[in-house]
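K.L.:
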Amino acid sequence: MASEQRAPGTILLVEDEPADARLLIRAFTRAGVLNPIKHLFRGDEALAFLEGINQYADRREHPLPILIILDLKLPGMSGLELIRWIHLQRELRRIPVLVLTGQKDDKFIEAAYDAGANSYLLKSFAEDEIDRVVNLINNYWLSLNESPLVVNRK
Numbered sequence: 003m004a005s006e007q008r009a010p011g012t013i014l015l016v017e018d019e020p021a022d023a024r025l026l027i028r029a030f031t032r033a034g035v036l037n038p039i040k041h042l043f044r045g046d047e048a049l050a051f052l053e054g055i056n057q058y059a060d061r062r063e064h065p066l067p068i069l070i071i072l073d074l075k076l077p078g079m080s081g082l083e084l085i086r087w088i089h090l091q092r093e094l095r096r097i098p099v100l101v102l103t104g105q106k107d108d109k110f111i112e113a114a115y116d117a118g119a120n121s122y123l124l125k126s127f128a129e130d131e132i133d134r135v136v137n138l139i140n141n142y143w144l145s146l147n148e149s150p151l152v153v154n155r156k
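Going letter by letter, the sequence shown gives residues 3 to 156 in our numbering.
1) I'd like to check one pair, Glu47 with Gly78: are the Cβ atoms closer than 9 Å?
2) I need the DSSP call for Val35, collapsed to helix, strand or coil.
3) Going by DSSP, what residue range makes up the beta strand (DSSP E) through Ile55?
4) Tell me whether the stretch 107–117 and the stretch 64–71 touch, counting them as touching only if at least three CB pairs, one residue from each stretch, are closer than 8 Å.
5) Between the Cα of Ile27 and those of Val16, Ile39, Asp18 and Glu19, spot the shortest distance and give me the residue it belongs to.
6) Please return the same chain residues whose Cβ sits closer than 8 Å to the Cβ of Val136, not counting the five positions on each side in sequence.
7) Is the beta carbon of Lys125 sitting closer than 9 Å to the one on Asp22?
8) Do Leu52 and Ile85 have their C-beta atoms within less than 9 Å of each other?
9) At 4 residues or longer, what runs of the alpha helix (DSSP H) sit wholly inside the stretch 78–121?
10) So Leu144 and Asn37 are in contact, right, with Cβ under 8 Å, and what is the actual spacing, rounded?
Printed below as a string of structure tokens:
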């Protein structure tokens, strides 16, 4: 059973595979996650969103996320490059970044953590495994974890 959510705010999902994104978004819905999910396909598009530039300039319409979930292999800018950039930005570096990827190689895992990722999870296409991962994300990152971003919004 999922924990009751208390963390308001948007989840940023950066995933270039539409089918993978749909599976994840449906799993968040099944888990009872009420947070809006902003899905972007490209790393450079996620950078523009996080910077609040171009079509993302209005922060009331495009607020900073409380959680970022991204793949490593993204068009426009890799997930690793995006994580490194996030951790150089004072206003963004405290946003938890979860890598959700099919890359099981130790060098990718080490590189993601070295870049500043908070978690590294392997993608699965089995619905029950996706549900398990999403429930864990919900229970920990959206319910139990004390985020400085949420504290500052109260």
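All C-beta atoms, glycine included, are put in the ideal place defined by N, C-alpha and C.
P.N.:
Once the coordinates are examined:
1) Closer than 9 Å, so yes.
2) Looking at Val35 - three-state DSSP - the assignment turns out to be coil, as it is neither helix nor strand.
3) Careful: Ile55 lies outside any beta strand (DSSP E) and carries neither H nor E.
4) No: the two stretches stay apart, fewer than three of their Cβ pairs being nearer than 8 Å.
5) Nearest of Val16, Ile39, Asp18 and Glu19 to Ile27, Cα basis: Ile39.
6) Result list for Val136: Leu26, Ala29, Phe30, Arg32, Ala33 and Val35, in chain order.
7) Annotated as proximal: Lys125 and Asp22, with beta-carbon spacing under 9 Å.
8) Not a contact, by the Cβ cut-off of 9 Å.
9) Runs of the alpha helix (DSSP H) inside the stretch 78–121: 81–90 and 108–117.
10) The pair is a contact, with the Cβ atoms about 7 Å apart (cut-off 8 Å).
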